[in-house]
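Quick notes on the structure that follows.
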Amino acid sequence: MKTTQLCILTGASRGLGAALAEQSLRPGARLLCLSRREHPTLAALAAAAGAQAEQWAVDLAEPAPVAARLEAWLAGLDDSAFASATLINNAATLPRVGPLEDSEAGELARTLRVGLEAPLLLSAAFLRATRAWSADRRILNISSGLGRRAMAGSTAYCAIKAGLDHASRAMALDGARVVSLAPGVIDTDMQVHLRDSDPRGFPDHARFVALKADGQLDTPAQAAARVLAFLARPDFGREPVADVRT
Ligand SMILES: NC(=O)c1ccc[n+]([C@@H]2O[C@H](COP(=O)([O-])OP(=O)(O)OC[C@H]3O[C@@H](n4cnc5c(N)ncnc54)[C@H](OP(=O)(O)O)[C@@H]3O)[C@@H](O)[C@H]2O)c1
18 MKTTQLCILT
28 GASRGLGAAL
38 AEQSLRPGAR
48 LLCLSRREHP
58 TLAALAAAAG
68 AQAEQWAVDL
78 AEPAPVAARL
88 EAWLAGLDDS
98 AFASATLINN
108 AATLPRVGPL
118 EDSEAGELAR
128 TLRVGLEAPL
138 LLSAAFLRAT
148 RAWSADRRIL
158 NISSGLGRRA
168 MAGSTAYCAI
178 KAGLDHASRA
188 MALDGARVVS
198 LAPGVIDTDM
208 QVHLRDSDPR
218 GFPDHARFVA
228 LKADGQLDTP
238 AQAAARVLAF
248 LARPDFGREP
258 VADVRT
């Protein structure tokens, strides 16, 4: 009988991704996590939960070899065990906040590669390798409200998230079951980075400071629970662009 839930998750070392990984550890779960650093306690948590977790220390700013490795890894699995197979493209970086002309070329390229090139290459590898599988296949792209509403000082970040949204619409037209989901505003390193940014060239700075001061941020655990509930919805993929808050 097919009982195993396979999940491939990027950016599981901290923040939202770490909470997604922790909450995915149920008996029968098989998790593959991809980030530069490992989640420090995931192996022990998986063992305690009766789940399988594997972590690859990879840099998604160089996504092509990672996608090739993922495709080969998936091709080597016996799909008869899997009731479901899910790819969660969660990893992203927020470059230094400020106008585009002040950006550093290498940082700009890494942002685009981790946030958009990697999700598309990993999605292609996932869809190709699992094409003949009978498992319920889903792709969840973690987007942002900033993919839909532009913010000064964040050109590259807005571009990766808008790109994920529109790519998901196009993938859905090709038959993929995919959602690009805004996860809410979460108390992670990314929010620290925004609050620590230079307010010059960043008119929204005070709003992010207030979100923290007023207790408006979700904890990673709260956000992960909402994201995973969305992922489990029977109508997942009916709308390829969505917000966990609506
Ligand atoms: N926090 C928010 O308020 C918020 C709001 C809307 C959307 N989001 C989205 O939610 C997702 C998670 O964000 P977060 O707030 O949890 O961010 P975070 O705390 O900064 O964590 C980012 C994750 O991405 C991984 N990552 C970054 N660069 C990588 C690279 N080159 N290669 C591999 N992995 C890399 C990091 O792992 P390593 O450093 O170990 O590589 C880390 O696990 C992102 O897509 C973000 O855009 C967040």
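Heads up: the sequence shown begins at 18 in this note's numbering, then just goes up one per residue.
Here a beta-carbon is modelled for each residue, glycine too, at the ideal position from N, C-alpha and C.
Measuring only from the beta carbon, is residue i closer than 7 Å to any heavy atom that is part of ligand 1?
i: Gly232; result: no
i: Arg31; result: yes
i: Gln208; result: yes
i: Asp213; result: no
i: Ser140; result: no
i: Leu8; result: Lying outside 18 to 263, the shown extent of the chain, residue 8 is not represented and no answer is given.
i: Arg243; result: no
i: Ser52; result: yes
i: Val195; result: no
i: Pro116; result: no
i: Ala108; result: yes
i: Thr236; result: no
i: Thr20; result: no
i: Thr58; result: no
i: Val258; result: no
i: Ala152; result: no
i: Ile105; result: no
i: Val131; result: yes
i: Ser41; result: no
By a C-beta neighbour count over all protein chains shown, 10 Å radius and 16 as the cutoff for buried, is residue i buried or exposed?
i: Arg47; result: buried
i: Ser97; result: exposed
i: Ala61; result: exposed
i: Leu190; result: exposed
i: Gly93; result: exposed
i: Ala108; result: buried
i: Arg130; result: buried
i: Val244; result: buried
i: Asp182; result: buried
i: Gln233; result: exposed
i: Ser30; result: buried
i: Leu26; result: buried
i: Arg155; result: buried
i: Ala35; result: buried
i: Val209; result: exposed
i: Gly123; result: exposed
i: Thr263; result: exposed
i: Ser151; result: exposed
i: Glu88; result: buried
i: Asp235; result: buried
i: Thr128; result: buried
Going straight from the alpha carbon of residue i to that of residue j, what length do you get?
i: Leu157; j: Leu37; result: 12 Å
i: Glu121; j: Phe143; result: 32 Å
i: Thr205; j: Phe99; result: 32 Å
i: Thr147; j: Asp76; result: 23 Å
i: Phe253; j: Pro44; result: 23 Å
i: Ala51; j: Ala169; result: A quick correction: the sequence has Leu, not Ala, at residue 51. Going by the C-alpha atoms only, they are around 30 Å apart.
i: Ile159; j: Pro116; result: 24 Å
i: Leu211; j: Arg165; result: 18 Å
i: Ala242; j: Leu91; result: 27 Å
i: Ala246; j: Ala238; result: 12 Å
i: Gly192; j: Arg217; result: 44 Å
i: Ser41; j: Thr58; result: 14 Å
i: Asp231; j: Asp95; result: 49 Å
i: Val261; j: Gly201; result: 7 Å
i: Pro80; j: Thr172; result: 22 Å
Near residue i, what residues of its chain come up, given a Cβ to Cβ distance below 6 Å and the 5 sequence neighbours on each side ignored?
i: Met207; result: Leu111
i: Leu23; result: Arg47, Phe99, Ala102
i: Leu133; result: Ile177, Gly180
i: Pro220; result: Ala169
i: Ser140; result: Ile156
i: Gly14; result: Here the chain has residues from 18 to 263 only, and residue 14 is not among them.
Going along the chain, which residues of its own chain have a beta-carbon closer than 7 Å to the beta-carbon of residue i, five neighbours each way excluded?
i: Leu137; result: Ala184
i: His56; result: Ala29, Ser30, Ala35, Ala38, Cys50, Gln72
i: Ser161; result: Lys178, Ala199
Report the start-end ranges of each alpha helix (DSSP H) in the segment 80 to 157 that is 4 residues or longer and not cut off at the edges. 80 to 92, 122 to 129, 135 to 146
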